[in-house]
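Residue numbers (the numbering used here): 69 to 336.
Here you go:
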């Protein structure tokens, strides 16, 4: 667990920002691959990514500040903008990214549900890699295991400042592994040719189920009426996603023809 990977002169290269950047690039790469496989929207992936990245950065920071650590940031307003030190909510990033991506599809007259299905695998891959950033930074940590099993964080991390050298549940590690399982499940669902929009909604449901369960092991979140803010968010997302599935069952989403120039060449 290294918060700083190395220095260029006096400038520190932080593991959190580096891994987040890698996760974004891999997510874009996966989305581009899926778009080319479908023969649709490949030329829009980079443009959408810019809107989604801006939205996700704003959403991730605001969510963390307002719902997770307002007690601290209300007394340290200047630290709100210090995103290089960590403190980015994945769920807030997803909400902001979806809003940014949705605005892009609206502005460019792209079919939202069809486009969302294409980029869903890329999103969950980015989330899986992004959790490595949390591990290296010592945030999004678990609660004490009460045994010799668990992650012991070094001094200088948020986890150590909270629990010292106690072994903690590897909540962020298991969430990253769950994200990879969700990615595999999405490919299995895709093989069944489900209605347009269902793949994206299935991603939301599956991720939220895992996040809800793993929150019981987290040691960095306050509880509201017995649940954490992330759990309430997860429940809301699950309910909304099921509602949209029902809606799309009765009002199927529109689809567009594939661009022949982008269709993948079949392999033997």
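For each residue, glycine too, the CB sits at the ideal point set by N, CA and C. Values in this document were obtained by computation on a predicted structure and should not be read as measured data.
When the beta-carbon positions are compared, residue 75 and residue 204 stay at least 8 Å from each other. By the C-beta density criterion, residue 290 is exposed, having fewer than 16 other C-beta atoms within 10 angstroms. With distances taken between CA atoms, residue 251 lies nearest to 194 out of 96, 194, 296, 303. Per DSSP, the continuous beta strand (DSSP E) segment holding residue 80 begins and ends at 79 to 82. Rounded to the nearest angstrom, the Cβ distance from residue 207 to residue 226 is 5 Å, consistent with a contact under 8 Å. A Cβ-Cβ separation of about 24 Å leaves residue 280 out of contact with residue 181 under the 8 Å criterion.
Runs of the alpha helix (DSSP H) lying entirely within the segment 191 to 242 and spanning at least 4 residues, in chain order: 226 to 231.
Exclusion of the five residues before and after residue 190 leaves 95, 98, 99 as the residues of its chain whose Cβ lies within less than 6 Å of its Cβ. The beta carbon of residue 264 lies closer than 6 Å to those of 181, 182, 321, 323 in the same chain, with the five residues before and after it left out.
For residue 280, the enclosing alpha helix (DSSP H) covers residues 266 to 282. Along the segment 89 to 175, the alpha helix (DSSP H) occurs as fully enclosed runs of 4 or more residues at 113 to 131, 138 to 141, 158 to 175, listed in sequence order. Listed in chain order, the non-local C-beta contacts of residue 237 below 7 Å within the same chain comprise 210, 211, 213, 218, 285, local neighbours out to five positions each way being set aside.
By the C-beta density criterion, residue 174 is exposed, having fewer than 16 other C-beta atoms within 10 angstroms. The distance from the Cβ of residue 198 to that of residue 163 is about 15 Å, inconsistent with a contact at the 8 Å cut-off.
Annotation for residue 314: the continuous alpha helix (DSSP H) segment containing it runs 297 to 318. Residue 143 and residue 133 have their C-alpha atoms roughly 11 Å apart.
Distance from the Cα of residue 274 is smallest, within the candidate group 306, 315, 184, 137, for 306.
By the neighbour-count criterion, in which 16 or more other beta carbons inside 10 Å mark a residue as buried, residue 82 falls on the buried side. Taking C-beta separations shorter than 7 Å and ignoring five residues to either side along the sequence, the partners of residue 170 in its chain run 180, following chain order.
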